[in-house]
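Worksheet: one structure, shown below.
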Amino acid sequence: MKEFDTLIVNIGQLLTMDHEKDGPVRGKELQTLPIIENAALGITNGKISFVGPGVDAKGFVAKQVIDAGGKLVTPGLVDPHTHLVFGGSREHELALKQQGVPYLEILEQGGGILSTVRATREATEEELLAKASFHLDRLLSYGITTVEAKSGYGLDHETELKQLRVAKRLNELHQVDIVSTFLGAHAIPQEYKGRADEFLTLMERLLDVIREEELAEFVDIFCETGVFSVDQSRAFLTYAKSKGFDVKIHGDEIDSLGGTELAVEIGAISGDHLVGASDEGIKGLASSNTIAVLLPGTSFYLGKEKNARAREMIDAGVAVALSTDFNPGSSPTENLQFIMTLAALKLKMTPEEIWYAVTVNAAHAIKRENVAGKIAIHRDADLVIWNASNYSYVPYHYGVNHVKSVLKRGKVVCE
Ligand code: NIG
Ligand code: FE
1 MKEFDTLIVN IGQLLTMDHE KDGPVRGKEL QTLPIIENAA LGITNGKISF VGPGVDAKGF
61 VAKQVIDAGG KLVTPGLVDP HTHLVFGGSR EHELALKQQG VPYLEILEQG GGILSTVRAT
121 REATEEELLA KASFHLDRLL SYGITTVEAK SGYGLDHETE LKQLRVAKRL NELHQVDIVS
181 TFLGAHAIPQ EYKGRADEFL TLMERLLDVI REEELAEFVD IFCETGVFSV DQSRAFLTYA
241 KSKGFDVKIH GDEIDSLGGT ELAVEIGAIS GDHLVGASDE GIKGLASSNT IAVLLPGTSF
301 YLGKEKNARA REMIDAGVAV ALSTDFNPGS SPTENLQFIM TLAALKLKMT PEEIWYAVTV
361 NAAHAIKREN VAGKIAIHRD ADLVIWNASN YSYVPYHYGV NHVKSVLKRG KVVCE
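UniProt numbering puts the sequence shown at residues 1 to 415.
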């Protein structure tokens, strides 16, 4: 007789996402999803120990039985791009947005990212921890069990390290797994105005301590008009690679500068935003291992007509992931399910493509493909039980939270 700590029965659709091939899922492979109908799932010591068609309860012993009520069960969602740790908020900028003041102009005037920098410098480590923990609870409530978190609201040694230490502590304290990225090159602080190269050198000097204290795995940069150029980004990320980091890039978000091509050229683990990606950039991505992390919530919130060319990317064979870009300026939301709806409506992605983009491909974008984004034997039981009977329902019925419960390493952590 098989014994489990927890047995989930009466699963209408079990979306395992356990694609037979390793690697991110792209091209024709996106057309089908690995699904078991009328399934059951067993958990032992926090790991998945049984996955299969509906079981006869008599043949099993379980300390806890969860009835999924004929609903959908999926892997915990992976959010591969957030700015989780920050001080303050920016609701005062909403009126400026309504008056049509562009995002980069608000930044140029010392607001935007720089306003959050001031609030983050002023906040104590404990305050930042409490605030980030609140937002992380909310990400979890929307079904996210693994999240990437960037620094970038310090722009000085002390505050960048403070942000990264908060993320590290939170990873230890909270059920959600956090993967850290150093985004010291997020903007040019006012004290370095006109001296971007000097500022980048200052940020480069932090890399050794970040490495020693294991404060981040990835290094990112905001490659944008008025922030850092393609040449500066190339030099900075190449240096980070020489220090042993994998790199990411905020590229082609607002203006088409060539950040997508740069992501491919330097072998970035992901290129993020890519709204203005050129045809060449898309071609390059398709024949690379770089994941395109698309953030339609940001285009929506910045009031942009133009969205990333997801259809062309996917049709060309680019591996695409989706994310909230949760941050206090361009995308204040923890609701990845709403992003899934935007992906359907604005990016014209199919439900199947969307589910790969928030599980397997998102895990690849933060090098967690071996531990997150799939339901498979011996993996951690990071699961979502949904108030939906099929996977297409989640992007369809928008703006609400469809999560019934979330399990992290086999324990119900949110209901
Ligand atoms: O991904 N573009 C740069 N960084 C963030 C926004 C940060 C902010 O506005 O505070 C982004 O959109
Ligand atoms: Fe971002």
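Heads up, the beta-carbon is just placed ideally off N, CA and C, and yes, glycines get one too.
Legend entry - Distance cut-off 6 Å: Asp220 Cβ against heavy atoms of the ligand FE: no
Inset, instruction - Quick one: grab the DSSP three-state call for Phe4. - result: strand
Inset, instruction - Evaluate the contact criterion for the stretch 355 to 372 versus the stretch 324 to 335: three or more CB pairs, one atom per stretch, below 8 Å. - result: no
Inset, instruction - State yes or no: is the C-beta of Ile36 nearer than 6 Å to some heavy atom of the ligand NIG? - result: no
Legend entry - heavy atom of the ligand NIG below 6 Å from Ile339 C-beta: no
Inset, instruction - Assign Val85 to one of three DSSP states: helix, strand, or coil. - result: coil
Inset, instruction - Could you round the C-beta distance between Leu285 and Met313 to whole angstroms and report it? I think they count as a contact, below 8 Å. - result: 7 Å
Inset, instruction - With distances taken Cα to Cα, identify the nearest neighbour of Ser389 among Gly70, Phe199, Lys348. - result: Gly70
Inset, instruction - Count the C-beta pairs between the stretch 90 to 108 and the stretch 240 to 247 that are closer than 8 Å, then say yes if the count reaches three, no if not. - result: no
Legend entry - Proximity winner among Asp197, Leu262, Thr32, Ala319, relative to His364 (alpha-carbon distances): Ala319
Inset, instruction - With DSSP collapsed to three states, give me the class of Asp272. - result: strand
Legend entry - Close beta carbons around Phe218, own chain, < 8 Å, minus the five adjacent residues each side: Glu148, Val179, Ser180, Thr181, Phe182, Phe245, Asp246, Val247, Lys248, Ile269, Ile366
Legend entry - Phe182 in three-state terms, based on DSSP: strand
Inset, instruction - Using only the heavy atoms of the ligand FE, determine whether one of them is closer than 6 Å to the beta carbon of Asp325. - result: yes
Legend entry - Distance cut-off 6 Å: Gly59 Cβ against heavy atoms of the ligand NIG: no
Inset, instruction - Go to residue 417, then tell me how far its beta strand (DSSP E) extends in each direction, as first and last residue. - result: Nothing about residue 417 can be read from this structure; the chain reaches only from 1 to 415.
Inset, instruction - Counting only the same chain and skipping the five closest in sequence on each side, list residues whose C-beta sits under 6 Å from that of Ile11. - result: Ala39, Ala68, Val73
Inset, instruction - Return yes when the Cβ of Asp252 is within less than 7 Å of the Cβ of Leu274, no when it is not. - result: yes
Inset, instruction - Use the C-beta contact count for Pro53: other C-beta atoms within 10 angstroms, 16 or more gives buried, fewer gives exposed. - result: exposed
Legend entry - Ile221 versus Pro189 - alpha carbon distance: 14 Å
Inset, instruction - Look up Val78 in the DSSP assignment and give the residues it is bridged to. - result: Thr146
Legend entry - Same chain, Cβ closer than 7 Å to Leu129, neighbours up to 5 away in sequence not counted: Val166, Arg169, Leu170
Inset, instruction - At 4 residues or longer, and completely inside the stretch 209 to 294: list those alpha helix (DSSP H) runs for me, N to C. - result: 230 to 242, 259 to 265, 279 to 286
Inset, instruction - Ignore the nearest five residues each way along the sequence and tell me which others in Gly112's own chain have a CB closer than 6 Å to its CB. - result: Ile106, Gly329
Legend entry - Candidates Glu127, Asp279, Leu347, Ala316, of which the one nearest Ser299 by Cα: Leu347
Inset, instruction - Report the residue ranges of all alpha helix (DSSP H) runs contained in full by the stretch 93 to 134; include only those spanning at least 4 residues, in chain order. - result: 93 to 98, 103 to 108, 113 to 122
Inset, instruction - Can you tell me which of the three DSSP states Glu204 falls into? - result: helix
Inset, instruction - Go to Ile339, then tell me how far its alpha helix (DSSP H) extends in each direction, as first and last residue. - result: 336 to 345
Legend entry - Boundaries (first-last residue) of the alpha helix (DSSP H) holding Glu353: 351 to 357
Inset, instruction - Taking all protein chains shown into account, decide if Gly410 is buried (16 or more other Cβ within 10 angstroms of its Cβ) or exposed. - result: buried
Inset, instruction - Using the DSSP secondary-structure output, state which residues sit across from Gln64 in a beta bridge. - result: Thr6
Inset, instruction - Going by CA-CA distance only, name the one from Gln337, Gly184, Thr6 that's closest to His83. - result: Gly184
Legend entry - Rounded straight-line distance, which links the Cα of Ile48 to that of Leu407: 11 Å
Inset, instruction - Would you check whether the ligand NIG has a heavy atom nearer than 6 Å to the C-beta of Gly111? - result: no
Legend entry - Closest by C-alpha distance to Asp272, when choosing among Cys223, Gln109, Tyr396: Cys223
Legend entry - Buried or exposed by the 16-neighbour rule on C-beta atoms within 10 Å, applied to Ile377: exposed
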